[in-house]
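Notes follow once the structure below has been shown.
Residue numbers (mature numbering (1 follows the signal peptide of the UniProt record, and there is no 0)): -22 to -1, 1 to 938.
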C-alpha cells in the first residue's frame, strides 16, 4: 500500500473545498443511479419489443425512440440480488443492442446567487440608467451585441431550446404566456416536480420553472423583454423552447438529458443550449455522444464549461468536452449591478436625502432612526475599527457606528463597538459596490453596508461638525435601488471559477468565453422576479443568443462555420488570478479563444478552419498541422501571419507531484515558437489558402508537464473586411484574426493516474483505514445494506483521469474478479468510494473469508490490453462474514455505492430570494491544513478559513 496519507488528504480536500474559500468552485459529483441502465438499440429494433423482452428483469424508465438515438432506459427490478454489472454485460451481448451505459446523474448547475429582488412589483429606483434608445447593457457592449442590435439584428426567426430547470414563462419580461405567439413557444417538462434523478420521471406538458430559478435566469439572458431594470436579452426576438429536466430538488440522469436534446432537435430547434455538466475530461460519455450527433446534423450546441476553476487544469466538464460541442468559459462582467434597500438621512435637521444600502446579518433595521458615530475620520485607514476604542468613547447604544471595511474581520470590528453598547453598525466599503456581510455577535441587532462614496460623504459631514441622522426603513417593505458599479480588479477578465481544460484526449477546451460573472437577469416570480447570478451557466446562454444573431446576420447556422468565426474573432485577455492582472495572456485552456465579439464574427469574410489546433503531448507530438483561410468576400485579401504566445501553465507545482496544482497554478512567460509555410498569404476572392504550422515547444521543465498555448495571428494588410476581428493582434484597419493552439511537454502516458488505494470502514463518517485483518459482518446475501452497517470500502485516489478503473477482490494473491460496480469507465481525476457488500461483478457473492482489494487504473493513452499501462495498488487484508438471513431488508435509496467525492458549497445554495454569498471577513482566504490519516472516529475540524468564519467538515460517503 502506498501514499495513503496523500490519498486521504486529497479525498478530504475534495470534500472540504468550499470550506477553504467561499470563492472556491465545487467539484461536481460523479455518481450513477443504481440499477438504472441506458441502452442504445440497433436502428431496426423496437423499444417496445426490448421492453417486453426485459419485463421480467426491469421496468421502463424512459423511451428514447428518436431519429438520432434509438434506445431506452430501464430500472432493474433487483439491483442488489443480481449484479448491475452482470446484467449490463448480458444486455450488451444481445444482438439488438449497440451500447449500454449506467445512468449518470448530474446536479443542478452550481452557480453563485449574488442577490435576488424582494418582489417583482417592488418599486425600483435606477441610480445609473441605460440609454433609452441604444443597447448599452454592459455584457452586450463587452461582446459587441450592442453593435449588431444597432443594425436591427435581434435573432428573429431563430429557435433556441434551453435545457434546464424550466422557464417561468408567466414572468412579464419572458412573455407572460406559453405557446404559439409567446416568447416561450414550445417545449415540455420531461420529469415533473418530484423527480430527483433516482426515481422514474413523470413528465407533463408544462415546462414552468417556479421552484429552482436557474432556467428562468438563463432564458432572460437570451431573450428578456423590457423590464424595470433596463436590460433586455441579447436576442429578444428569438423563439424559446423550454425543456425542463430537473425537479424541485435532486439531480438529472443522462437518459433524461438525451431525451431532452433529441426532442429539442426533432421539434426544429436551430440552437440548443444547456448550462449543465459534471467532471469528466472524456468525450465518450453517453450524453456527449448524443449531443455530438446533433451537431453533426447541423445544429449548434453550446454547453457551459463548468465552475470548477479552483480545481485547476485538466478538469473539463461533460458534455461540453464532447467532439464538435462548443464549450463556453466565463468572463467577469465589467460592471456589477447591485440591488440595495432605499432609506434616508438628514444633515443637521435638514431635508431628507435618499441612499442605498445592503442588509447584513443580523438585519433587524425596521424603523430605526439614530445619529451616526464614526470610529474616526480617516477614510484611508486600512484597519479602521480593528483596535479597541479609546476609554472616552461615549455610550453607543443610541447611535449607529460607522466603520470602514478593511484588514480585520467584521466580527472584530463589531465586538469593539459592542464594548460601548453599540447595537447597530454600518460598514462603508473600501472598494466600489456593496455586499451582504455577516457579523453575528451577541447584542448586535442590525448590520449593513453602504458604498465607499456614501461612507466617505458621511465622514466628511461628520468631520465638519454636522450631525447626520439616518432613518432606516424595514428592508421587507422599503423601496429598492439598482446601482451599477465598476467591477474593479476582475471585470473583463476570465472568472476564477471557470473550469480549465484541456481534455484528457488533448482537445482544446473551452472554445470561447462570454460574460458569466455578476449577470443581471430574470428569475421566477415566486423567487423575486430578478436576480444577479454568477457562473458559466450565465455565459452559455449569452453565447447561444450570439449564435442566433450570427445565424440571422450571416444566413447560416452551420456549427463549424459559427464556431470558426466566433473563435477567430474573439478577444484573448490577460491573465487575472482574482487579485491582480498580469502582463501575459491567460492560457488557452482557461479562456479558449477569448471573449466573443459578435459584430466581428457576423461580418468577417475570412474564415479560418479548424477553430483551434492541438499539437498533443511529447509522445504524440504532431510536427505539423494545417489550417485553411477561406475568403468569402469579393476582394482578394492578404494576411501577414505572426504569433502571440499565452502564458505556459505548469500542471504540477513540483517535479514528482501527482495531483495538478489548484488555481492559481504557476504560470510562466515561456512561449512556443511556430514556423509557418508562409508568413504572408494572399487569399483570392471566393478562394482559399492552406497554411502549415510547425511548432517548437518552449524550453520548460518537462517533469512538471507544462501546457503551452497561444494564438496564430493573421493581420490583413489590404484593408479588406472593414476592420473586423480581435484586438489580440490588431495592427491595421482590415480583418484581424487569431487561431488558438495548445500542446503539452511530457508524455501523458507516463503520468501516474492512481495515487494509491486503501480499504476503509465504510460508515457515514470519515472513511477510516482498516486495521490489517479487520473483520466485517456484511448484510445477509440478497438483502440491502443500511446506514448502520459498517462495510468494507475501497477508497481510490485518482490523481489524473482514467478510462478504465478496476477493483478486483484478491484471496491468497489470486484474483476472484471485479467487485460490483466495476470496471468503471471514463473517470475524471476525482477520488472514488466503493462500498463492498460481498457482491461481485458476475452476480455471485464472495465466500466468507479474508480478502484485499486490487485496484488498477489505466493511464491516459494506455492500451486496455497491456498490463504495464495500468497503475495498481493492493489494500490491507480484511475478512468478511455474513449476517444470518431472515430479517426484512432495510429500505434504502437507489443510489450507487460508487460515487466520486464532492465538495458542497454552503454559501451559495439559497434559492429563497435572498443574497446568498455572505462575507464574514476582510482577511484573504487561506487553504486549510490537511490532517494526517485519522485514527479514530472523530469529527475532523479545520482551522478557520476566511471568508467562511468557521470550518468544520466530516467526509461522508454515500451508501446505498
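Glycine residues also receive a C-beta, built at the ideal position from the N, C-alpha and C atoms.
Secondary structure of residue 683 (DSSP, three-state): coil. Judged by their CB atoms, residue 542 and residue 592 are not nearer to each other than the 9 Å cut-off. Burial check for residue 859: the Cβ neighbour count within 10 Å stays below 16, so the residue is exposed.
The way I'd put it, the segment 841 to 860 doesn't touch the segment 804 to 811; fewer than three beta-carbon pairs between them come closer than 8 Å.
Secondary structure of residue 231 (DSSP, three-state): strand. Secondary structure in the segment 186 to 249: the beta strand (DSSP E) runs of 3 residues or longer, each lying completely within the stretch, are 217 to 222, 229 to 231 in chain order. CA-CA distance, residue 76 to residue 50, rounds to 12 Å. Cβ-Cβ separation between residue 123 and residue 527: approximately 7 Å, consistent with a contact (criterion under 8 Å).
The beta-bridge partner set that DSSP reports for residue 352 consists of 380. Taking the Cα positions, residue 48 is about 36 Å away from residue 732. In the displayed model, residue 597 falls within coil according to three-state DSSP, outside both helix and strand.
According to the DSSP assignment, residue 35 belongs to no alpha helix (DSSP H), since it is labelled neither H nor E.
Membership of residue 848 in the beta strand (DSSP E) is indicated by the continuous run 848 to 852. A Cβ-Cβ contact shorter than 9 Å links residue 427 with residue 415.
Residues 596, 723, 724 of the same chain have their beta carbon placed closer than 8 Å to that of residue 680, with the five preceding and five following residues left out of the count.
Checking the DSSP bridge columns, you'll see residue 823 partnered with 817.
Looking from the CA of residue 825, the closest CA among 326, 577, 789, 614 belongs to 789. Per DSSP, residue 254 is not a residue of any beta strand (DSSP E), being assigned neither H nor E. Look at the beta carbons and you see the segment 183 to 201 not touching the segment 236 to 245: under three pairs across the two are nearer than 8 Å. Exclusion of the five residues before and after residue 377 leaves 348, 349, 351 as the residues of its chain whose Cβ lies within less than 6 Å of its Cβ. In this structure, DSSP gives residue 391 a helical state, which the three-state scheme calls helix. Closest option to residue 661, judged by alpha-carbon separation, among 331, 606, 677: 606. Beta-carbon to beta-carbon, residue 511 and residue 89 are separated by about 5 Å, close enough to satisfy the 8 Å threshold. In this structure residue 455 is exposed. Its beta-carbon is surrounded by fewer than 16 other beta-carbon atoms within 10 angstroms. If you look at residue 516, you'll find it in the alpha helix (DSSP H) that goes 514 to 532. Looking at 203, 179, 269, the one whose alpha-carbon comes closest to that of residue 229 is 179. Every beta strand (DSSP E) stretch that sits fully inside the segment 641 to 675 and reaches 3 residues is listed by chain position as 651 to 654, 658 to 661, 666 to 674.
Per the coordinates, the alpha-carbon of residue 400 lies some 41 Å from the alpha-carbon of residue 285. The beta carbon of residue 194 sits closer than 6 Å to those of 145, 146, 187, 500, 501, 502, all from its chain and outside the five residues before and after it, given in chain order. DSSP, reduced to helix, strand and coil, places residue 149 outside both helices and strands of the structure shown, so it counts as coil. Comparing alpha-carbon positions, the option among 851, 536, 276, 117 lying closest to residue 730 turns out to be 851. Per DSSP, reduced to three states, the secondary structure at residue 439 is helical. Assigned with DSSP and collapsed to three states, residue 788 falls in strand. Counted as a single uninterrupted DSSP element, the beta strand (DSSP E) harbouring residue 771 occupies residues 769 to 776. Going by beta carbons, residue 640 and residue 288 fall inside the 9 Å limit.
For a cut-off of 8 Å, the C-beta gap from residue 572 to residue 602 is around 25 Å, too long to register as a contact.
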